[in-house]
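Protein chains: 2
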Amino acid sequence: MNKRKISRRTLLGGAATAAVMLFKSSYGRMIQTAIPESLYTDDPTKVVGPPPGAVGARSPFEHPVKKASDTSSRTPLQDLYGTITPADLHYERHHAGVPVIDPHKYELLIHGMVDKPMVFTLADLKRFPSVSRTCFLECSGNFRSNKETLTPQEICGLTSQSEWTGVMLTTLFREVGVQPRASWFLAEGGDAAVMTRSVPVRKAWDDAMIVYAQNGEAIRPEQGYPARLLLPGWEGNTNVKWLRRLELSDQPFMTREETSRYTYPVKDRIRQFSFEMDARSIITFPAFPQQVEKGWIEIRGIAWSGWGKIAQVEVSTNAGKTWQPARLQEPVLDKAHTAFRYLWQWNGETTEILSRATDETGYTQPTIQQLLNARGADMGGYHLNPVTAWVIQRDGKVLFRPEKWK
Amino acid sequence: MNKRKISRRTLLGGAATAAVMLFKSSYGRMIQTAIPESLYTDDPTKVVGPPPGAVGARSPFEHPVKKASDTSSRTPLQDLYGTITPADLHYERHHAGVPVIDPHKYELLIHGMVDKPMVFTLADLKRFPSVSRTCFLECSGNFRSNKETLTPQEICGLTSQSEWTGVMLTTLFREVGVQPRASWFLAEGGDAAVMTRSVPVRKAWDDAMIVYAQNGEAIRPEQGYPARLLLPGWEGNTNVKWLRRLELSDQPFMTREETSRYTYPVKDRIRQFSFEMDARSIITFPAFPQQVEKGWIEIRGIAWSGWGKIAQVEVSTNAGKTWQPARLQEPVLDKAHTAFRYLWQWNGETTEILSRATDETGYTQPTIQQLLNARGADMGGYHLNPVTAWVIQRDGKVLFRPEKWK
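As they're listed, the protein sequences go chains A and B.
Residue numbers for the first sequence follow our numbering, beginning at 1 and rising by one.
Residue numbers for the second sequence follow our numbering, beginning at 407 and rising by one.
Here it is as structure tokens:
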């Protein structure tokens, strides 16, 4: 619902070109020229357009972008539709930038408590039986709540969804002969952070994959080209990108990313190895900075759970007093962003709209107060999935309702 | 499985840049600079990579491209994985190029045999209850067979798949009050061809949509930005792009695209209004120009049917003597590309591999001979879906087996 108005003047002048040139991408730049004046017309039926190209491009009237910092970038959830995230808008969270990896030199070593340590090239990985699955990824630090003027992208844009293709990790584990005593494995990335995480072997026997493709094409550099670990439903950082080594062991490796980071207080204890991302939902329309009119409004959003399928999404249009079930877009997939929609007639009075997700385990997305009750006042910044509320003002303006807890 | 080798020299020199600059896209150009020398290293763990960007980009080692003529471009099926076609690789078939349409000026008129003729803006369309569905599109002229050195892209790359989002056409038809006598509607595009097709109203009551989003984002210009008709399973040209007018009537309109084109001989008669695309499949690996080695090979491909779900794909590895069922990737969706896989141990002898699809109506993809028997020797160029065979030579080279019929 990108309603940014672009005049002919803007399109034909330098502004649009300049704006597009600002969209810097990894390794280089993408430059899209403005529309040639000869093509811009009040009657497109009178002007023959350009022929097909070798690759397509967005309309010059559309430019969804990620909000990027030095270490992360956020998917523009409020600009998207359905359940697939375009690969170039997938969120990023890196610990030492995006490495350049030559796929012809890529190698994955699997060793440790295995009968036969092996090195796999990318071509080797592609020769094994392949599987595709659609699931979300989410950074465990995916929550902001400091002001009214936050967009869905700013609140929780560290989640995206792709159709991934690759080889089941079990296939490789059988190949190397993982020993019965092995209960953990280390996953190590080939970036300059040499990102490492310990993963229980049970996840491999469940649904872990090594993936080399995303949304139909080779995985993008920002997502781990040429191959990454995929642990469906588990916190993003465990899905190690640019994967170069798996080491089997009978205990976790206690790496920096599971001792000094990615742990959080739960009352008077510290929770470590908190893998599954709990059920969550967010309304992406209407949301800040959109403005709505009185009458029928389709409330739209996405819901997801790292524990399985979304069973129900409820919507409240009266600040949480009552809740009604939203429509879920079929097919509802396991550990996947699920689009929900709820048709609502707004009477023009100030109100708050909220959504809450319940997954197939029966777990329901908590309020911030329920989170506080469960985890204590000092919750840290990880695994926060509270119900999100939007305030709709009488003038139709939509604002985020910040949650204050510290 | 793009195995094109790129040396460091190529990447750093002018060649890579020049190659990428050749990838002309609609309206403008995409330019991707070569990898800065500082990032290219034999040990990526020693070099901090660039930070996240506002939009991502493909790896410089990957460049799938469409094969484009003046009027069409073909999806590189042999370079893809899974079931989603990246939006910028979606096939194109235009009758007067790609028009530039300002979404703020876009209007869709629905008139004719309706109680209340109405004009809908893009914002109007987006206010209605929305639906997402994943399905394929396919040009009715999607077949080539003239030589051994054809890739899947060249044989049948005029098919692609997206997740589409928009409004059900029934929603709009109820809004305007389509009269009971109306049995056809005209769909008219806003391009310089003013592309028109007549569509039976029954398709609207079944599953037709007006879509404004594709694979999570606004629909691409080449696919009808800002809105197109989507008739799941029906021949591509009826899914009118840049849709600007629907006119209800009690008879078809006999437009140029259904009289002089998009009709074909069936024995001594001409078939008109042949909407559904019949079940089809193609093996995309191994395929020309790939080369394989003796041993285990996962045969991979896609199958689809405009009549419903794919029920079965069978693979033959002995030139059609015997057939075995392939694995289908779940979930199998209605009128959707369905990935199939079949694990095969190649003994190194020359052979032919084939696939054939059966849909839920019980229809099985025919051989070229069966097509000839059903339609006569002068079959024309539309709705050809024969079983495709690849010859695997002793040296592992894979060639297409052309079908001669005229």
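From the three backbone atoms N, C-alpha and C, an ideal C-beta is built for every residue, glycine too.
Alpha carbon of residue i to alpha carbon of residue j, nearest angstrom
{"i": "residue 805 of chain B", "j": "residue 742 of chain B", "result": "27 Å"}
{"i": "residue 62 of chain A", "j": "residue 548 of chain B", "result": "31 Å"}
{"i": "residue 115 of chain A", "j": "residue 361 of chain A", "result": "37 Å"}
{"i": "residue 264 of chain A", "j": "residue 132 of chain A", "result": "33 Å"}
{"i": "residue 241 of chain A", "j": "residue 109 of chain A", "result": "14 Å"}
{"i": "residue 297 of chain A", "j": "residue 38 of chain A", "result": "39 Å"}
{"i": "residue 154 of chain A", "j": "residue 66 of chain A", "result": "10 Å"}
{"i": "residue 673 of chain B", "j": "residue 48 of chain A", "result": "37 Å"}
{"i": "residue 661 of chain B", "j": "residue 576 of chain B", "result": "24 Å"}
{"i": "residue 162 of chain A", "j": "residue 213 of chain A", "result": "9 Å"}
{"i": "residue 763 of chain B", "j": "residue 793 of chain B", "result": "8 Å"}
{"i": "residue 428 of chain B", "j": "residue 57 of chain A", "result": "Here the model assigns residue 428 of chain B a pLDDT of 37, short of 50, so the residue's position is not dependable and the matter cannot be decided."}
{"i": "residue 650 of chain B", "j": "residue 800 of chain B", "result": "55 Å"}
{"i": "residue 750 of chain B", "j": "residue 701 of chain B", "result": "8 Å"}
{"i": "residue 127 of chain A", "j": "residue 690 of chain B", "result": "14 Å"}
{"i": "residue 570 of chain B", "j": "residue 479 of chain B", "result": "20 Å"}
{"i": "residue 640 of chain B", "j": "residue 485 of chain B", "result": "25 Å"}
{"i": "residue 172 of chain A", "j": "residue 304 of chain A", "result": "29 Å"}
C-beta atoms of residue i and residue j nearer than 9 Å
{"i": "residue 340 of chain A", "j": "residue 354 of chain A", "result": "no"}
{"i": "residue 765 of chain B", "j": "residue 716 of chain B", "result": "yes"}
{"i": "residue 663 of chain B", "j": "residue 679 of chain B", "result": "no"}
{"i": "residue 220 of chain A", "j": "residue 88 of chain A", "result": "yes"}
{"i": "residue 554 of chain B", "j": "residue 694 of chain B", "result": "yes"}
{"i": "residue 451 of chain B", "j": "residue 191 of chain A", "result": "yes"}
{"i": "residue 613 of chain B", "j": "residue 592 of chain B", "result": "no"}
{"i": "residue 121 of chain A", "j": "residue 139 of chain A", "result": "no"}
{"i": "residue 306 of chain A", "j": "residue 227 of chain A", "result": "no"}
{"i": "residue 465 of chain B", "j": "residue 103 of chain A", "result": "yes"}
Residue-chain proximity (residue i, chain B), Cβ-Cβ < 9 Å
{"i": "residue 61 of chain A", "result": "yes"}
{"i": "residue 288 of chain A", "result": "no"}
{"i": "residue 128 of chain A", "result": "yes"}
{"i": "residue 111 of chain A", "result": "no"}
{"i": "residue 41 of chain A", "result": "yes"}
{"i": "residue 50 of chain A", "result": "yes"}
{"i": "residue 101 of chain A", "result": "yes"}
{"i": "residue 271 of chain A", "result": "no"}
{"i": "residue 242 of chain A", "result": "yes"}
{"i": "residue 364 of chain A", "result": "no"}
{"i": "residue 339 of chain A", "result": "yes"}
{"i": "residue 343 of chain A", "result": "yes"}
{"i": "residue 309 of chain A", "result": "no"}
{"i": "residue 22 of chain A", "result": "Its pLDDT being 37, under 50, residue 22 of chain A is placed unreliably by the model, and the measurement read from it follows with that caveat. It does: the Cβ of residue 22 of chain A has a partner Cβ on chain B nearer than 9 Å."}
Proximal residues of chain A, C-beta to C-beta of residue i below 8 Å
{"i": "residue 489 of chain B", "result": "132, 163, 216"}
{"i": "residue 452 of chain B", "result": "192"}
{"i": "residue 558 of chain B", "result": "Chain A residues near residue 558 of chain B: none, gap ~14 Å exceeds 8 Å."}
{"i": "residue 471 of chain B", "result": "54, 55"}
CB contact check: residue i to chain A, cutoff 9 Å
{"i": "residue 475 of chain B", "result": "yes"}
{"i": "residue 789 of chain B", "result": "no"}
{"i": "residue 479 of chain B", "result": "yes"}
{"i": "residue 763 of chain B", "result": "no"}
{"i": "residue 739 of chain B", "result": "yes"}
{"i": "residue 486 of chain B", "result": "yes"}
{"i": "residue 563 of chain B", "result": "no"}
{"i": "residue 735 of chain B", "result": "yes"}
{"i": "residue 503 of chain B", "result": "yes"}
{"i": "residue 700 of chain B", "result": "no"}
Per-residue contacts from residue i into chain B (C-beta, under 7 Å)
{"i": "residue 222 of chain A", "result": "458, 462"}
{"i": "residue 88 of chain A", "result": "461, 462, 463"}
Listed by chain order, chain A residues near residue i by CB distance under 7 Å
{"i": "residue 631 of chain B", "result": "59"}
Where residue i meets chain A, residues with beta-carbon distance less than 9 Å
{"i": "residue 704 of chain B", "result": "126, 127, 128, 129, 130"}
{"i": "residue 619 of chain B", "result": "80, 81, 82"}
{"i": "residue 498 of chain B", "result": "51, 52, 53, 56"}
Chain B residues whose Cβ lies nearer than 8 Å to that of residue i
{"i": "residue 265 of chain A", "result": "Chain B residues near residue 265 of chain A: none, gap ~29 Å exceeds 8 Å."}
- Item | Runs of beta strand (DSSP E) lying entirely within the segment 243-302 of chain A, each at least 3 residues, in chain order | Annotation note: the segment 243-302 of chain A contains the following uninterrupted beta strand (DSSP E) runs of length 3 or greater, listed N- to C-terminal: 243-249, 264-266, 269-271, 280-285.
- Any chance you could list the alpha helix (DSSP H) runs of at least 4 consecutive residues sitting entirely within the segment 748-810 of chain B, in chain order? 774-781
- Query: Curious, which full-length beta strand (DSSP E) runs of at least 3 residues does the segment 52-119 of chain A contain?
  - Reply: 72-74, 107-112
- Task: Entirely within the segment 137-166 of chain A and at least 4 residues each: give me those alpha helix (DSSP H) ranges in chain order.
- Result: 152-156
- Task: Counting only runs of 3+ residues fully inside the segment 588-661 of chain B, write out the beta strand (DSSP E) ranges in chain order.
- Result: 590-595, 602-606, 615-620, 634-636, 649-655
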